[in-house]
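> Protein chains in written order, with our numbering: chain A, 515 to 792; chain B, 47 to 232.
A virtual CB, placed ideally from N, CA and C, is assigned to each residue, including glycine.
In this text the structure is predicted, and so the values were computed from the model without any measurement.
Next up, the structure:
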């Protein structure tokens, strides 16, 4: 299994000279499942260059796993080439909500006045699927999803095959109302999908001073990201969902702090183009 | 002091909490309910390999319920989809006469009898007629005054309101009961 980061910025795309090393595209990861299909985690603006990289290759099937419906996780979908291919079996997975279905919640964003084309006229005629309670199979991988702490319905994903596993929780505030260092593991949001994972891609948006002014916004501080990873028993932590105000130098200062705090997990910063072989 | 209040102040021997799964049952278990929806699945087989955490991962709704109730000054009691008493907060401790650290989690058959709930006439109230039982069985809020015997041996008269925790209309993931002690009658 190979995973490639196409976008790791949070909240808002932030291209510019201060973000060239880690990138300004919003959340998107492509998972190569070794068959003629595409598995994509989130559809931030990073999905557009990913689609362009296909260079005319037409997958038979595309599964986009959306963690939640905040704009930075769906805004690129409308500019993803295979979305407009009528021959593609296109499936969009997302979190269940208490009342409205996934299509009902997403469709307005893809319709006038926000977008000139109605969702019902999209050539691929995407199928909308709320993530099931139990693990399910997509191609050669098993996918699990669980609701996690973030404003509104949001899920984290776990993807695994016989070779390795990754967990993807780009928007997650497990430390909200909880002391992550002491509480029973069963009571930590997201741990069910992140336990013992080889690669944990996790929200690390804020420094501690920033977090203290943004408690409840749905994102993690550096210490909470590291503590979560260590309590999950992850092998490697990739800090993700970089704040749009953080320059490359700011991110490297965050990494240095994460490395200082870590006692058992390898830490790195997500950056566009990073490939993980699992 | 009225006779009711005198009874409420009666002190019985402190009891130990039965945390075993075969604790006395009131003949009802939330899993038995015939609710139009369904009780949430167990997470024990939810992953491709055995869950490495100590036990079952808690549903987010329960985690949020615990986070919320742990900060409330109102006594509260959180029950999971299996009917297990998953948590009660510090404000509940003086009412229940026990601490969560002491009791830990209690199976449905355990907590329903542990505090010996009775109606105001002294008749035992089975689990299915307790507010939490109604919240599970019928998927709606319920309220009832009860007499209980605390873990400290003291009888108390309390008001209990319970409501189901539904992430979706057809799925009960647990329930919360909030309760408070009735003021002493003059």
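Taking buried to mean at least 16 other C-beta atoms within 10 Å of its own C-beta, is residue 789 of chain A buried or exposed?
That one is exposed.
> Let me check one thing: in DSSP terms, what residues is residue 660 of chain A bridge-paired to?
Residue 660 of chain A pairs with A/670.
> List the residues of chain B whose Cβ lies closer than 7 angstroms to the Cβ of residue 703 of chain A, in chain order.
Those within 7 angstroms of residue 703 of chain A in chain B are 106, 109.
> Mind checking the stretch 109-128 of chain B against chain A and listing, in chain order, the residues whose C-beta falls within less than 8 angstroms of any C-beta there?
Per Cβ criterion, the list reads 109, 110, 112, 113, 114, 116, 117.
> Using DSSP bridges, identify the partner residues of residue 175 of chain B.
According to DSSP, residue 175 of chain B bridges with nothing at all.
> Check the C-beta distance from residue 538 of chain A over to residue 529 of chain A and give it rounded, since I have them as a contact under 8 angstroms.
Confirmed, about 4 angstroms.
> If we count Cβ pairs, one from each stretch, closer than 8 angstroms, do we get three or more for the stretch 665-677 of chain A versus the stretch 622-639 of chain A?
No: the two stretches stay apart, fewer than three of their Cβ pairs being nearer than 8 angstroms.
> What residue range is occupied by the uninterrupted beta strand (DSSP E) comprising residue 210 of chain B?
Residues 201-214.
> Using a Cβ-Cβ distance under 8 angstroms, would residue 696 of chain A count as near chain B?
No, its Cβ sits nowhere closer than 8 angstroms to a Cβ of chain B.
> Taking Cβ positions, are residue 772 of chain A and residue 753 of chain A nearer each other than 8 angstroms?
The answer is yes: Cβ separation under 8 angstroms.
> What residues match up with residue 652 of chain A in a beta bridge as DSSP calls it?
Its beta-bridge partners are A/655.
> Who are the neighbours of residue 213 of chain B on chain A, taking C-beta pairs under 8 angstroms?
Near residue 213 of chain B (Cβ distances below 8 angstroms), the residues of chain A are 610, 612, 661.
> If we ignore side chains and look at the alpha-carbon of each, how far apart do residue 670 of chain A and residue 174 of chain B end up?
Taking the straight line joining both Cα atoms gives about 36 angstroms.
> Give me, in chain order, the residues of the same chain whose beta-carbon lies closer than 7 angstroms to that of residue 706 of chain A; leave out the 5 immediate sequence neighbours on both sides.
These residues qualify, in order along the chain: 660.
> I'd like to know if residue 690 of chain A contacts chain B, where contact means its C-beta is closer than 8 angstroms to some C-beta of that chain.
Output row for residue 690 of chain A: interface = yes.
> Spatial neighbours of residue 615 of chain A within its chain, please: C-beta separation below 8 angstroms, excluding the five flanking residues on both sides.
Contacts found: 642, 644.
> What are the uninterrupted segments assigned as alpha helix (DSSP H) that are 4 or more residues long and contained completely in the stretch 689-771 of chain A, given in chain order?
Fully enclosed alpha helix (DSSP H) runs of 4 or longer: 705-708, 722-726, 736-746.
> Going along chain B in order, which residues have a C-beta closer than 9 angstroms to the C-beta of residue 678 of chain A?
Per Cβ cutoff of 9 angstroms: no residues; residue 678 of chain A is ~12 angstroms from chain B at best.
> Answer yes or no: does any C-beta atom of chain B fall closer than 8 angstroms to that of residue 706 of chain A?
So, interface residue.
> Let me confirm a value: residue 127 of chain B is counted as buried when at least 16 other C-beta atoms fall within 10 Å, else exposed. Which label applies?
Looking at its Cβ environment, which holds 16 or more other Cβ atoms inside 10 Å, residue 127 of chain B is buried.
> Alpha carbon to alpha carbon, how far is residue 161 of chain B from residue 742 of chain A?
Between residue 161 of chain B and residue 742 of chain A, the C-alpha separation is close to 37 angstroms.
> May I ask you to report which of helix, strand or coil DSSP gives residue 242 of chain B?
The structure shown has nothing for residue 242 of chain B, since chain B only spans 47 to 232.
> Does the beta-carbon of residue 166 of chain B have 16 or more other beta-carbons within 10 angstroms, so that it is buried, or is it exposed?
When all chains shown are included, residue 166 of chain B counts as exposed.
> Taking the beta strand (DSSP E) that residue 518 of chain A belongs to, which residues open and close that run?
Taken as a continuous stretch (DSSP letters only), the beta strand (DSSP E) holding residue 518 of chain A covers 516-521.
> What is the DSSP secondary structure of residue 119 of chain B, counted as helix, strand or coil?
Residue state, collapsed to three classes: coil.
> Go ahead and label residue 759 of chain A buried or exposed: buried means 16 or more other beta carbons lie within 10 angstroms of its beta carbon, across all protein chains shown.
Exposed is the call here.
> Note down the Cα distance separating residue 531 of chain A from residue 105 of chain B, rounded to an integer number of angstroms.
Taking the straight line joining both Cα atoms gives about 43 angstroms.
> Thinking C-beta only, is residue 547 of chain A closer than 8 angstroms to residue 653 of chain A?
Cβ atoms of residue 653 of chain A and residue 547 of chain A: closer than 8 angstroms.
> Helix, strand or coil: which one does DSSP assign to residue 679 of chain A?
Residue 679 of chain A falls in the strand class under three-state DSSP.
> Contact check, residue 708 of chain A vs residue 739 of chain A under 8 angstroms by CB: the rounded distance?
Going by Cβ atoms, the distance from residue 708 of chain A to residue 739 of chain A rounds to 11 angstroms, so no, they are not a contact pair.
> Mark residue 118 of chain B as exposed unless 16 or more other C-beta atoms lie within 10 angstroms of its C-beta, in which case mark it buried.
Exposed, by the Cβ-count rule.
> I'd like to confirm the pairing. Which residues does DSSP put opposite residue 133 of chain B in its beta bridges?
Answer by DSSP bridge pairing, in chain order: B/124.
> State the Cα-Cα distance for the pair residue 749 of chain A and residue 554 of chain A, rounded to the nearest angstrom.
Roughly 22 angstroms separates the two Cα atoms.
> In angstroms with no decimal places, state the Cα-to-Cα distance between residue 720 of chain A and residue 640 of chain A.
Each residue's Cα considered, the two are about 35 angstroms apart.
> Among the residues of its own chain, which have a CB less than 6 angstroms from the CB of residue 220 of chain B, if the five just before and after it don't count?
Within the same chain, residue 220 of chain B has close Cβ partners 108, 125, 126, 127, 211.
> Once the 5 residues before and after residue 96 of chain B are set aside, which same chain residues still bring their CB inside 6 angstroms of it?
Residue confidence is low: residue 96 of chain B scores 35 on pLDDT, short of 50, so the model does not pin down where it sits. Its coordinate-derived value is still stated next. There are no such residues.
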